[in-house]
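Q:
2 protein chains.
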Amino acid sequence: MKPIKAGLLGIGTVGAGTFNVLQRNQDDIRRRAGRGIEIAMVAARNVERAARIVGGQCRVVADPFKVVDDPEIDIVVELIGGYELPYELVMRAIANGKHVVTANKALLALHGNEIFAAAQEKGVMVAFEAAVAGGVPIIKALREGLTANRIESVAGIINGTTNFILSEMREKGLDFATVLKQAQELGYAEADPTFDIEGVDAAHKLTIMSAIAFGIPVQFDKAYVEGISKLQAVDIRYAEQLGYRIKLLGIARRATVDGVEGIELRVHPTLIPAARLIANVEGAMNAVLVQADAVGSTLYYGKGAGAEPTASAVIADLVDVTRLATVDPYCRVPHLAFQPGEMVDLPILPMAEITSSYYLRVYVNDQLGVMADLTRILADAGISIDAVLQKEPGGQARTDIIIITHQTREKNVDAAIAKIEQLETVVGTVTRIRLESLS
Amino acid sequence: MKPIKAGLLGIGTVGAGTFNVLQRNQDDIRRRAGRGIEIAMVAARNVERAARIVGGQCRVVADPFKVVDDPEIDIVVELIGGYELPYELVMRAIANGKHVVTANKALLALHGNEIFAAAQEKGVMVAFEAAVAGGVPIIKALREGLTANRIESVAGIINGTTNFILSEMREKGLDFATVLKQAQELGYAEADPTFDIEGVDAAHKLTIMSAIAFGIPVQFDKAYVEGISKLQAVDIRYAEQLGYRIKLLGIARRATVDGVEGIELRVHPTLIPAARLIANVEGAMNAVLVQADAVGSTLYYGKGAGAEPTASAVIADLVDVTRLATVDPYCRVPHLAFQPGEMVDLPILPMAEITSSYYLRVYVNDQLGVMADLTRILADAGISIDAVLQKEPGGQARTDIIIITHQTREKNVDAAIAKIEQLETVVGTVTRIRLESLS
Chain A
1 MKPIKAGLLG IGTVGAGTFN VLQRNQDDIR RRAGRGIEIA MVAARNVERA ARIVGGQCRV
61 VADPFKVVDD PEIDIVVELI GGYELPYELV MRAIANGKHV VTANKALLAL HGNEIFAAAQ
121 EKGVMVAFEA AVAGGVPIIK ALREGLTANR IESVAGIING TTNFILSEMR EKGLDFATVL
181 KQAQELGYAE ADPTFDIEGV DAAHKLTIMS AIAFGIPVQF DKAYVEGISK LQAVDIRYAE
241 QLGYRIKLLG IARRATVDGV EGIELRVHPT LIPAARLIAN VEGAMNAVLV QADAVGSTLY
301 YGKGAGAEPT ASAVIADLVD VTRLATVDPY CRVPHLAFQP GEMVDLPILP MAEITSSYYL
361 RVYVNDQLGV MADLTRILAD AGISIDAVLQ KEPGGQARTD IIIITHQTRE KNVDAAIAKI
421 EQLETVVGTV TRIRLESLS
Chain B
1 MKPIKAGLLG IGTVGAGTFN VLQRNQDDIR RRAGRGIEIA MVAARNVERA ARIVGGQCRV
61 VADPFKVVDD PEIDIVVELI GGYELPYELV MRAIANGKHV VTANKALLAL HGNEIFAAAQ
121 EKGVMVAFEA AVAGGVPIIK ALREGLTANR IESVAGIING TTNFILSEMR EKGLDFATVL
181 KQAQELGYAE ADPTFDIEGV DAAHKLTIMS AIAFGIPVQF DKAYVEGISK LQAVDIRYAE
241 QLGYRIKLLG IARRATVDGV EGIELRVHPT LIPAARLIAN VEGAMNAVLV QADAVGSTLY
301 YGKGAGAEPT ASAVIADLVD VTRLATVDPY CRVPHLAFQP GEMVDLPILP MAEITSSYYL
361 RVYVNDQLGV MADLTRILAD AGISIDAVLQ KEPGGQARTD IIIITHQTRE KNVDAAIAKI
421 EQLETVVGTV TRIRLESLS
């Protein structure tokens, strides 16, 4: 059987990794796929650089539309990044009847619904294992491995940059700005790190997972997104003293509020009990914890970024597409796990309605009676206390009081914090970090 | 589209779990699979008990061959266990042109090559996600998620009973016999626990994973199998003092010995650095660590046994078979990851030729010069020492010396141990436990 022909759009880090792994392991890949996979064409802005990477093995063009329109190309591999040009290219590839493999989480989180609908109509596949957690086959696990289950929640460390920063902050006791600078020097953070550190990248990935887990459309605009740039070293220390680690988690979870079923969809720093496996995922590694009714908890761990880990996922998709390219679309795995027409429209819950436990740090003048005020305000809001850590002032007049609450509705905590901040004994604002036991 | 019809052979723990999860989540499963999955027939020794479980939802028969021969049945789900009857049933189901889903690791580890060849010839699928690590989709990950990679090694905690026993021994400082008894009372160990505690069950699962990872035939008879029944509490304590945990690992790894490529295939108690994620997998949980050239390390964690976790894997297979039942066999994923005709026959290495680090405990009369003897014997055998722990005799005349070696060939260690045991200062035999850094 002749090799299937793929065209690469972009040959940066992931593109070059994909090209190299396909070359190096071509024999193993062919023996698995039953057919060779050939990169027949590459589009790159810098044609000379691209030509050096592929070393005369395939055509190199500057215009990506030439790849998308080429009748020889069976699969278009989109590795450009960003929303606009990739959107045009992917939609045109689909219109041309080509299958698409992409690592572009932003594209899918924003335009996934249209893209998958167009692909469905044309009978082509859009595969995107590389869009979430790099080389970890989490899309396959959620979409095919757990088909027996009603999935209850997905909670993931899905951004390596922020996990690296949080690990360094904890291990070395450094503050956010210092570690970010080091991470940039080491190449773990980009020159403009906003998308990573503000949680946007994690929210893109979470949005994609939520659609597959629950059979809902992608709706990035409804995700709550809070990054780690305001996280203070002192809270990481207190959390540790209380037996917790702070991780940037993406959480998607079924919840029923006042009798109405909905989905929590949120990215934010989160305290996790240090004994949990996922709390011990350090450095730039990724991990996703899935809770489902039949299987219970499963966890998937590995490198979430980098040339070859991401290439691993891109090529796994290429093999899947190669196998299923000629079959009736009905026999393929649906893009978002559920058959088109079988999606549901569960509402994404507003943050005020989510349920969580909370870590609250209140900076107070060391006055008698403040504890009584705090506990009264919390009790009035219907919030019960799990643990309190009161720091000795150590000669200073002011001190931190840390309170861990039991589970409660976020709006109750909002209301309690507003009241606490009005107390005369309280200095400045209350620091609030959500806490998940993940049990 | 009419539901696909499955027949269950056996409705014990896993069979009942499969029936119940299929009933409970039938709507979600149909929305994913695009077609209902119906248990149309059940074979069980105790027909009355089976009839109570299925509550009149399907036919119940005593003779499993009635299911296998029934023209209405599309998929036979083999959940009987053991080798002989299931072998006959599975081969007859295949001969009848039926797809097979099985959770039977023993059957596949021993007869997999014949079964897969027969299925290939008949153009039917034999799916077996549930045979390894229960609900964790590790077969899918190895076979489909990592197709881009040259897999270097697989190392797994793949027997929940032994992991539960080892966790309890470490946490409570108890000896093996005491914990085994408790495990039996709690239902974590069977009345006859031999297959679990002697490593046979883990070796079955490892054998299956090795075939998929490396594209070799299943060859259980060549696996090295050592259980945990001789493991002493004192070694768990010493290991902990040195920063290690002891786990029963199944290890399959590529290795080159004297220029010849082969596969290490071995199950035995193993020291692992306590900082590794897999070292922190406690209780009856399973985890598999895969090292591969492109993706690096990935880890898959979850419940390895139990009614519903195993049912989760059985049903995932049913969905896969339902999707692909009507397609050209060439478009399906090959049973052992590589296309038939593309398997290789790498030799399984004899244990003497494996490479590992070692934990050695030598019980000695507390005499001057014994350390010098030990280090001389190891140096003569070309074994270098990584760490030594010498226990204070605490008033007793005798003491333990613990030595951690660097990596070496097992036969060198065998030779050194034989010499050490001949020393007059050494009491009894040397305790030897393999050590893997898994870095």
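The listed protein sequences correspond, in order, to chains A and B. If you're matching positions, the first sequence starts at 1 in full-length UniProt numbering and goes up one per residue. If you're matching positions, the second sequence starts at 1 in full-length UniProt numbering and goes up one per residue. C-beta: ideal position from N, C-alpha, C; glycine also.
Please go through the stretch 23-48 of chain B and give each complete alpha helix (DSSP H) segment of 4 or more residues, from N-terminal end onward.
A: The stretch 23-48 of chain B contains these whole alpha helix (DSSP H) runs: 26-33.
Q: Taking Cβ-Cβ distances shorter than 8 Å, what residues in chain B pair up with residue 188 of chain A?
A: Within the first sequence, numbered from 1, the residue matching residue 188 of chain A stands at position 188. Here the premise fails: no neighbours, minimum Cβ distance about 15 Å.
Q: Once the 5 residues before and after residue 139 of chain A are set aside, which same chain residues still bring their CB inside 7 Å of it?
A: Within the first sequence, the letter at position 139 stands for residue 139 of chain A. Closer than 7 Å at Cβ, skipping near neighbours: 128, 129, 132 and 212.
Q: Closest Cβ-Cβ distance between residue 338 of chain A and chain B: below 8 Å?
A: One-based indexing of the first sequence puts residue 338 of chain A at position 338. Taking Cβ atoms only, chain B reaches closer than 8 Å to residue 338 of chain A, which makes this a yes.
Q: Following the continuous beta strand (DSSP E) through residue 330 of chain A, name the residue where it begins and the one where it ends.
A: Locating residue 330 of chain A in the first sequence gives position 330, where the first residue counts as 1. No beta strand (DSSP E) contains residue 330 of chain A, which DSSP labels as neither H nor E.
Q: Please list, in chain order, the residues of the stretch 116-130 of chain A that have any C-beta partner in chain B closer than 9 Å.
A: Listed in sequence order: 129.
Q: Determine, for residue 320 of chain B, whether the minimum Cβ-Cβ distance to residues of chain A falls below 8 Å.
A: Residue mapping note: residue 320 of chain B aligns to position 320 of the second sequence, counting from 1. Interface residue, yes.
Q: Name the DSSP beta bridge partners of residue 78 of chain B, please?
A: As a working mapping, residue 78 of chain B is identified with position 78 in the second sequence. DSSP, once it has assigned bridges, lists B:9 and B:102 as partnering residue 78 of chain B.
Q: Of all the residues that make up the stretch 323-335 of chain A, which are near chain B by a beta-carbon distance shorter than 9 Å?
A: The residues in question are 323, 324, 325, 326, 327, 328, 330, 331, 332, 333 and 334.
Q: Please state whether DSSP places residue 247 of chain A in a helix, a strand or coil.
A: The count along the first sequence starts at 1 and reaches residue 247 of chain A at position 247. Strand.
Q: Of all the options B:56, B:55, B:196 and B:45, which has the alpha carbon lying nearest to the alpha carbon of residue 65 of chain B?
A: Within the second sequence, numbered from 1, the residue matching residue 65 of chain B stands at position 65. Nearest of B:56, B:55, B:196 and B:45 to residue 65 of chain B, Cα basis: B:45.
Q: Which whole runs of the alpha helix (DSSP H) in the stretch 255-307 of chain B are 4 residues long or more, in chain order?
A: None, since the stretch 255-307 of chain B contains no complete alpha helix (DSSP H) of that length.
Q: Please identify the residue among A:28, A:104, A:30 and A:3 whose C-alpha is closest to the C-alpha of residue 74 of chain A.
A: Numbered from its first residue, the first sequence carries residue 74 of chain A at position 74. Among A:28, A:104, A:30 and A:3, the Cα nearest to that of residue 74 of chain A is on A:3.
Q: Going by alpha carbons, who is nearest to residue 365 of chain A out of A:259, A:324, A:427 and A:155?
A: On the first sequence, position 365 is the one that residue 365 of chain A refers to. Looking at the Cα atoms, A:427 is the closest of the given residues.
Q: Does the distance from the C-beta atom of residue 444 of chain B to that of residue 51 of chain B stay below 8 Å?
A: Lying outside 1 to 439, the shown extent of chain B, residue 444 of chain B is not represented and no answer is given.
Q: Counting beta carbon pairs with one atom in the stretch 195-205 of chain A and one in the stretch 102-110 of chain A, are three or more of them shorter than 8 Å?
A: Touching, yes, given that three or more Cβ pairs across the two stretches are closer than 8 Å.
Q: CB-CB under 6 Å to residue 384 of chain A, same chain, minus the five flanking residues each way: which ones, in chain order?
A: Position 384 of the first sequence holds residue 384 of chain A. Cβ neighbours of residue 384 of chain A beyond the five flanking positions: 406.
Q: Report the three-state DSSP secondary structure of residue 231 of chain A (helix, strand or coil).
A: Residue mapping note: residue 231 of chain A aligns to position 231 of the first sequence, counting from 1. Residue 231 of chain A falls in the coil class under three-state DSSP.
Q: Would a check of beta-carbon distances place residue 345 of chain B closer than 8 Å to chain A?
A: As a working note, residue 345 of chain B is residue 345 in the second sequence. No - not a single Cβ of chain A is within 8 Å of the one on residue 345 of chain B.
Q: Residue 280 of chain A touches chain B at which residues, Cβ-Cβ below 7 Å?
A: Within the first sequence, the letter at position 280 stands for residue 280 of chain A. Those within 7 Å of residue 280 of chain A in chain B are 277 and 280.
Q: If the cut is a Cβ gap below 8 Å, which residues of chain B does residue 312 of chain A touch?
A: Taking the first residue of the first sequence as position 1, residue 312 of chain A is located at position 312. The contacting residues are 146, 148, 149, 292, 294 and 295.
Q: Can you tell me whether residue 326 of chain B is buried or exposed? The criterion is at least 16 other CB atoms within 10 Å of its CB, across all chains shown.
A: The sequence position of residue 326 of chain B within the second sequence is 326, counting from 1. Residue 326 of chain B should be labelled exposed.
Q: Against residue 215 of chain A, what residues of chain B qualify as contacts under a CB-to-CB distance less than 9 Å, listed in chain order?
A: On the first sequence, position 215 is the one that residue 215 of chain A refers to. Chain B residues near residue 215 of chain A: 28, 31 and 32.
Q: For residue 316 of chain A, which residues in chain B fall below 8 Å Cβ to Cβ?
A: Walking along the first sequence from the start, residue 316 of chain A turns up at place 316. Those within 8 Å of residue 316 of chain A in chain B are 144, 145, 146, 147 and 148.
Q: Measure the CB-CB distance between residue 157 of chain A and residue 278 of chain A and report whether it falls below 8 Å.
A: As a working mapping, residue 157 of chain A is identified with position 157 in the first sequence. As a working mapping, residue 278 of chain A is identified with position 278 in the first sequence. A contact, by the Cβ cut-off of 8 Å.
Q: Assuming residue 142 of chain A contacts residue 312 of chain B (C-beta within less than 8 Å), just tell me the rounded distance between them.
A: For the purposes of this step, residue 142 of chain A is identified with residue 142 of the first sequence, where counting begins at 1. For the purposes of this step, residue 312 of chain B is identified with residue 312 of the second sequence, where counting begins at 1. At roughly 13 Å, the Cβ-Cβ gap does not stay under 8 Å, so residue 142 of chain A and residue 312 of chain B are not in contact.
Q: When you compare the CB of residue 350 of chain A with every CB in chain B, is at least one pair closer than 8 Å?
A: As a first step, residue 350 of chain A is located in the first sequence; it is residue number 350 there, counting from the start. No, residue 350 of chain A lies away from the interface with chain B (no Cβ there is under 8 Å from its Cβ).
Q: Determine, using beta carbons only, whether residue 265 of chain B and residue 292 of chain B come nearer to each other than 8 Å.
A: Within the second sequence, residue 265 of chain B is the residue found at index 265, counting from 1. Within the second sequence, residue 292 of chain B is the residue found at index 292, counting from 1. Result no, Cβ atoms of residue 265 of chain B and residue 292 of chain B do not sit closer than 8 Å.
Q: Would residue 141 of chain A pass as an interface residue toward chain B - the criterion being a Cβ-Cβ separation below 8 Å?
A: The residue you call residue 141 of chain A lines up with position 141 of the first sequence. Yes, its Cβ sits closer than 8 Å to a Cβ of chain B.
Q: Examine chain A for any beta-carbon lying closer than 8 Å to the beta-carbon of residue 112 of chain B, and answer yes or no.
A: Here the question's residue 112 of chain B lines up with position 112 in the second sequence. So, not an interface residue.
Q: Which chain A residues sit within Cβ distance under 7 Å of residue 342 of chain B?
A: Mapped onto the second sequence, residue 342 of chain B falls at position 342. Chain A residues near residue 342 of chain B: 31.
Q: Between which two residues does the beta strand (DSSP E) containing residue 360 of chain A stretch?
A: Numbered from its first residue, the first sequence carries residue 360 of chain A at position 360. First-last of the beta strand (DSSP E) with residue 360 of chain A: 355-365.
Q: Tell me residue 153 of chain A's beta-bridge partners as DSSP assigns them.
A: What you label residue 153 of chain A is simply residue 153 of the first sequence in a count that begins at 1. The partner list for residue 153 of chain A (beta bridge, DSSP) reads A:253 and A:291.
Q: Could you name the residues of the same chain whose beta carbon sits closer than 7 Å to that of residue 53 of chain B, not counting the 5 residues immediately before and after it, in chain order?
A: As a first step, residue 53 of chain B is located in the second sequence; it is residue number 53 there, counting from the start. If we look at residue 53 of chain B and ignore the five residues flanking it on each side, its Cβ neighbours are 11, 16 and 19.
Q: Going along chain A, which residues have a C-beta under 8 Å from residue 25 of chain B?
A: For the purposes of this step, residue 25 of chain B is taken as residue 25 along the second sequence, with counting starting at 1. In chain order: 148, 149, 150, 293 and 294.
Q: Is the CB-CB distance between residue 402 of chain B and residue 388 of chain B below 8 Å?
A: Position 402 of the second sequence, counting from 1, holds the residue named residue 402 of chain B. Position 388 of the second sequence, counting from 1, holds the residue named residue 388 of chain B. Against a cut-off of 8 Å, the Cβ pair of residue 388 of chain B and residue 402 of chain B comes out as a contact.
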